[in-house]
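These notes are about the structure you will find just below.
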Amino acid sequence: MLWYKAWLESRVRFLASGAVLGAYCVSFVQQARHNFPPIMEPTVPYSGYIWRGVYNGIDTLAFVIVAVMLGLGGLQRERGLGSAGFTLALPATRLRLLMPRAAVALLEMTSLAAIPVIVVPWLSASIGREYPVAQAVQFAALFVVTGAVWVSAGFFWSSVFTGEHTGTIACLLTPILYAAAVNGTALRRFPAANIFNVMNGTRLPFLDRTSFLLVGPLPWATLAGVGLAAAMLFGAAIVVTAREDF
Amino acid sequence: MLVYKAWRESRVRFLLVLSALVAFSLGFLLEARVHFPPPQVPMLPYAAYVWSTFYAQQAPAAFSIVALVLGLGGLQRERAAGTAAFTLALPVSRVQLLIARAAVGVLELAVLAIVPAAIVPALSPALVHQSYPVTQCLHFASLFMSWGVVWFGTGFLWSILFTGDYTAAVASVLTPWAYIVVYANLSRGGRRFPSANPFAFMSGEIDFGGFARGLLTSPLPWLAMGVLGLVATALLVSAWRLTERQNF
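Protein chains in written order, with the numbering used here: chain L, 12 to 257; chain Z, -13 to 234.
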């Protein structure tokens, strides 16, 4: 029942995001009929065209923002609506209230990350181009692991802020400020510390800059670090909620 | 009093973004002090360096999202919080409530658009030993505001249409991407109607004259800006007409 509650709370966000991200992917691949190869760069391979549009374009920013927003909700929001008392009166601990919400948000984010796996290879074939499914799956894996950090950031902010739009704006600012910090400071010298780079291989050795395909094994150590950061944020949200006076 | 109410409702959002923007601008200048020009592009003009950070890449998208979120709030949100009846019982019309909220939101947006113009040209000579023209900042602020008011109007409209707390926020955040999908299809991948591409318009990429130097050289596209202003007005009027008919 708690899972169903979490699903009901987040389904509009998830379905709207899925519709827009799916439409964007479909539209971008279909545009290859007219726009590929690009006039300015006629030698770029089709995999490069896809990488730039789907895995390193504004679609990436949309995915990050949606992932952060999927983490929103919970008891602080219910406090604003006046229903926190009812939820807290359920025969379940606060931890048990939080876990299904986190799990549903992660599952939803995973589903969104899987959209290009279905759309890109299939639609590419329909326009006479080829994009390897294995590549799409690997990129999806990178998106899922890094997306977990964004979900956990949203989860954390929604545990801290009571104001409905305060949590939202904090969530939206998080990836923007993070990008500014890793691109505009000394951290720029450590590309692996930039989650945006890890998402799509930018400036990292596992992306071949000629074919724009992933080569070699995925950066498991980095991904483990990213997963650990997500777990820490989830843990912080749980601690904050456990001590909160509603 | 209504303006004060609108300010109270939106000030946390606005101040969070303002703080972030000021910190980002100062951080950029301190970074540029050490790392400008970048070793891989030693001949890069300072204007192009500023442009690539403040006005290109993800900056137009970030500003659009902020504009959309600043448009959120109002009576539907108050209905969810249970305070709509108190607000509606005030001796003012619904249009007065909306005008106050819209005016405060647009002013907040204008302040955010101008922040780089206040910081970068003023501090660049002292911190980076480079100069950047104020007029460029103001031109870019105008371009950002042209689409910014449209996004603000869109967020404003969504917040009146949707009752769900996060529904309006998500609809707002997804709007630019949904728009890009529609635009890309109608314009054959951006080949037609360049002014209708919000991100290219805001970053000045439609002005190819001084593009390589990151400077706007052509006059501002007043006609396109006027059309965008009309679109924003139409969105706000739609929001007003809907609010007039809503049953709280």
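All residues carry an ideal CB built from backbone N, CA and C; glycine is no exception. Since the model is a prediction, treat every value here as computed from it, not as a measurement.
Problem set entry | Residues near L/L153 by beta carbon distance below 6 Å, same chain, minus five either side | Looking up residue 153 of chain L in the first sequence gives position 142. Cβ neighbours of L/L153 within its own chain (closer than 6 Å, five residues either side excluded): M210.
Exercise. L/L188 versus chain Z: which residues are under 9 Å apart at the beta carbon?
Worked result: By 1-based counting over the first sequence, the position of residue 188 of chain L is 177. Within chain Z, the residues near L/L188 are A6, A9, F10.
For this session: Would you list, in chain order, the members of the region 42 to 53 of chain L that have their beta-carbon closer than 8 Å to a beta-carbon of chain Z?
Result: The residues in question are Q42, H45, N46.
For this session: Using three-state DSSP, classify L/D70 as helix, strand or coil.
Result: Working through the first sequence from its first residue, we reach residue 70 of chain L at position 59. L/D70 carries a helical assignment under DSSP once its states are collapsed to helix, strand and coil.
Exercise. My guess is that L/P202 and L/N208 are in contact by the Cβ rule of under 8 Å, so how many angstroms apart are they, rounded?
Worked result: Taking the first sequence and counting its residues from 1, the one referred to as residue 202 of chain L is at position 191. Taking the first sequence and counting its residues from 1, the one referred to as residue 208 of chain L is at position 197. The beta carbons of L/P202 and L/N208 sit about 5 Å from each other, so the pair counts as a contact at 8 Å.
Problem set entry | Cutoff 8 Å: Z/Q44 Cβ touching any chain L Cβ | Your numbering for residue 44 of chain Z matches position 58 in the second sequence. Chain L contact via Cβ: present.
Problem set entry | Rounded C-alpha distance that separates Z/A218 from Z/Q116 | Position 232 of the second sequence holds residue 218 of chain Z. Position 130 of the second sequence holds residue 116 of chain Z. Using only the alpha carbons, I get a separation of about 37 Å.
Exercise. What residues from the region 70 to 97 of chain L come within 8 Å of chain Z, judged by C-beta to C-beta, listed N to C?
Worked result: Listed by position along the chain: D70, L72, A73, I76, V77, M80, L83, G84, R88, G91, L92, G93.
Exercise. Just the Cα atoms here: how many angstroms apart are L/L198 and Z/Y32?
Worked result: Within the first sequence, the letter at position 187 stands for residue 198 of chain L. Within the second sequence, the letter at position 46 stands for residue 32 of chain Z. Approximately 21 Å between the Cα atoms of the pair.
For this session: Helix, strand or coil for Z/L206, going by three-state DSSP, please let me know.
Result: Position 220 of the second sequence, counting from 1, holds the residue named residue 206 of chain Z. Three-state result, Z/L206: coil.
Exercise. Mapping DSSP to helix, strand and coil, what is Z/L16?
Worked result: Counting from one through the second sequence, the residue named residue 16 of chain Z turns up at place 30. In the structure shown, Z/L16 sits in a helix (DSSP, three-state: H, G or I).
Exercise. DSSP puts L/D256 in a beta bridge; with which residues?
Worked result: Residue numbering aside, residue 256 of chain L sits at position 245 when the first sequence is read from its first letter. In the DSSP output, where bridge partners are listed per residue, L/D256 has none listed.
Exercise. Cβ of L/A116 within 8 Å of Cβ of L/F166?
Worked result: If you number the first sequence from 1, residue 116 of chain L lands on position 105. If you number the first sequence from 1, residue 166 of chain L lands on position 155. Yes; because the gap between Cβ atoms is below 8 Å, this pair is in contact.
Problem set entry | Straight-line Cα distance separating L/T173 from L/R90 | Looking up residue 90 of chain L in the first sequence gives position 79. Looking up residue 173 of chain L in the first sequence gives position 162. Rounded to whole angstroms, L/R90 to L/T173 spans 8 Å at the Cα level.
For this session: Report the residues of the region 19 to 38 of chain L with a CB closer than 7 Å to any CB of chain Z, ordered along the chain.
Result: Cβ contacts with chain Z come from V23, R24, A27, S28, V31, A34, Y35, S38.
Exercise. Is Z/W144 close to chain L, meaning its C-beta is less than 8 Å from at least one C-beta of that chain?
Worked result: Within the second sequence, residue 144 of chain Z is the residue found at index 158, counting from 1. No, no contact with chain L.
Exercise. Mind checking whether Z/L84 and Z/A220 have CB atoms under 8 Å apart?
Worked result: In the second sequence, the residue the question calls residue 84 of chain Z occupies position 98. In the second sequence, the residue the question calls residue 220 of chain Z occupies position 234. It is not a contact, given that the beta carbons lie outside the stated cut-off.
For this session: Give me the Cα-Cα distance between Z/S145 and Z/R63, rounded to the nearest whole angstrom.
Result: If you number the second sequence from 1, residue 145 of chain Z lands on position 159. If you number the second sequence from 1, residue 63 of chain Z lands on position 77. Taking the straight line joining both Cα atoms gives about 8 Å.
For this session: State yes or no: is the C-beta of L/S170 within less than 8 Å of the C-beta of L/T252?
Result: Mapped onto the first sequence, residue 170 of chain L falls at position 159. Mapped onto the first sequence, residue 252 of chain L falls at position 241. Taking 8 Å as the cut-off, the beta carbon of L/S170 is found closer than this to the beta carbon of L/T252.
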